[in-house]
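Chain order of the listed sequences is A and B. For reference, each letter of the first sequence is one residue, going 1001 to 1182 in our numbering. For reference, each letter of the second sequence is one residue, going 1001 to 1182 in our numbering. For glycine and all other residues, C-beta sits at the position ideal for the given N, C-alpha and C. As structure tokens, the structure follows; a few thoughts come after it.
2 protein chains.
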Amino acid sequence: MKVSREQMAENRRRILDVASRLFKDKGFDAVSVAEVMKAAGLTHGGFYGHFGSKDDLVAQTLAHALAADSFGDGQFSDFVRSYLAPRHRDNPDNGCPTAGLAAAIRHQTPAAKAAMTEGLRAQIARIEQALPEQGAADKRRAAIGIWAAMVGAVILARAVDGPQLSDEVLEQTRGWIDTRVG
Amino acid sequence: MKVSREQMAENRRRILDVASRLFKDKGFDAVSVAEVMKAAGLTHGGFYGHFGSKDDLVAQTLAHALAADSFGDGQFSDFVRSYLAPRHRDNPDNGCPTAGLAAAIRHQTPAAKAAMTEGLRAQIARIEQALPEQGAADKRRAAIGIWAAMVGAVILARAVDGPQLSDEVLEQTRGWIDTRVG
DNA sequence: ACATTTACATGATGGCAATCATATTTAAGT
DNA sequence: ACTTAAATATGATTGCCATCATGTAAATGT
């Protein structure tokens, strides 16, 4: 049955939201189109009315998720603390799309890579602005180094079993960054 | 046809070597059992004589690849330089299994996670030893922070398209680490 | 009101991949 | 030499998933 224009727009938004959470949680390959549609409260048939293919969904979901990804207006050190926390590590579906999906983008389409490129560019710029005063060159270097360490730490913390080493990776990376940022 | 004991052992080794390169290049999901066996010069049928399942192959390949992963006896700064280099970024199949596979391990079996845990523990210990003299606590913190940044940087550099931002991520992360290690 | 468009549902279709069944060949043990 | 066990090959089987085909009903425009 046909639905109203706004209903359709809302459906589309829900598909993207739900896809973002499912992809972050289980990975692109492990989530079927039918699963996304079901989680959005629809059936698989209507999918190709919204997206041209699953690859298209992946690319649009990335752009959607990375655009929403920001760290508000709190202190940067608070952002780092919550990012490098067990709560974030243990909830990829509500977590950072970069930490959850960046590594998988290598195997995706150019459109997906383009979305990631833009998202990374924006995130580096945000961190640069949040960093305390220092030379512009140093600031950019620090923004990139810090972001790489944060993403890498969460990925590593999620890859190991048992909390000991995993917690330590988060905690020590936070300490390592703090000695640099203050 | 049956082959000699040593032939079988060599076949097994070749399967693991080939699987390691294929998995690093294309990801666990995108590589079929048949593809691994073909690349090893065998057919798919014999696979289950060597491994109980594809999951088993994944876990054993990880242990195999991470055990071989070390950085010889050169200067640590040389290791960092070659790790954060376009050549490494562009050749995942010959590259570091942690950078290539760590993020995918979240979706694998406990055996695979155990292999990663052990591999990470060993790598942190190696970096600690390679670091210049300073307090033991600082050394461990630096080892973990540096390794997280290295892995994160390669993952990010591989996720973006076009060399500009990608090269910069590698280069700036190297600079960021160098200001700490000398 | 009516015609038409269209968003979604139901129900194929086709391909691929993991795993299993069986056959074949030959190394190993006696 | 002969028997036996085992490694690999060939050939199902089964299930899942992306995508497509068609139906249906409601929204939109006149």
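Item: Buried or exposed (CB count within 10 angstroms, at least 16 for buried), S1032/B; Value: exposed
Item: Members of the stretch 1086-1112 of chain B that neighbour chain A once the beta carbon cut-off is set at 8 Å; Value: P1092, T1098, A1102, A1103, A1104, I1105, R1106, H1107 and P1110
Item: Counted within 10 angstroms of its Cβ, other Cβ atoms place A1157/A as buried (16 or more) or exposed; Value: buried
Item: Short CB-CB distance (under 9 Å) between D1161/A and chain B; Value: yes
Item: Proximity of A1078/B and C1096/B at Cβ, strictly below 9 Å; Value: Note that residue 1078/B corresponds to Asp in the displayed sequence, not to Ala. Cβ atoms of D1078/B and C1096/B: not closer than 9 Å.
Item: Interface flag, T1061/B vs chain A, CB-CB below 9 Å; Value: no
Item: Between the CA atoms of Q1164/B and L1131/B - distance to the nearest angstrom; Value: 30 Å
Item: Interface flag, K1002/B vs chain A, CB-CB below 9 Å; Value: no
Item: C-alpha distance - G1135/B paired with E1168/A, whole-angstrom precision; Value: 17 Å
Item: Where the stretch 1016-1042 of chain A meets chain B: residues whose CB sits under 8 Å from a CB there; Value: K1026, G1027, D1029 and A1030
Item: From G1041/A, I1105/A, G1046/A and R1081/A, residue whose alpha carbon lies closest to that of L1062/A; Value: I1105/A
Item: Distance between A1102/B and E1035/B (C-alpha atoms, nearest Å); Value: 22 Å
Item: 8 Å CB neighbourhood of V1003/B in its chain, flanking five on each side removed; Value: N1011
Item: The stretch 1144-1158 of chain B in contact with the stretch 1142-1151 of chain A per 3-pair CB rule at 8 Å; Value: yes
Item: Cβ distance (whole Å) where D1161/A is taken to contact T1117/B below 8 Å; Value: 5 Å
Item: Minimum Cβ-Cβ distance from E1128/A to chain B less than 9 Å; Value: no
Item: Contained alpha helix (DSSP H) runs [length at least 4] in the stretch 1042-1073 of chain B, N- to C-terminal order; Value: 1047-1050 and 1054-1068
Item: Classification of P1092/A by the beta-carbon crowding that lies within 10 angstroms, buried from 16 upward; Value: buried
Item: Member of R1180/B, T1179/B and L1170/B whose CA lies at the smallest distance from the CA of S977/B; Value: Any question about residue 977/B goes unanswered here, given that chain B covers just 1001 to 1182.
Item: Coil, strand or helix - S1004/B by DSSP; Value: coil
Item: Members of the stretch 1163-1175 of chain B that neighbour chain A once the beta carbon cut-off is set at 8 Å; Value: L1165, E1168, V1169, Q1172, T1173 and G1175
Item: Cβ contact check for the stretch 1009-1027 of chain B and the stretch 1120-1128 of chain A: 3 or more pairs under 8 Å; Value: no
Item: Under the three-state DSSP convention, the category N1091/A falls into; Value: coil
Item: Buried versus exposed, by CB contacts within 10 Å (16 or more), R1013/A; Value: exposed
Item: Cross-chain neighbours of A1114/A in chain B, by beta carbon under 7 Å; Value: D1161
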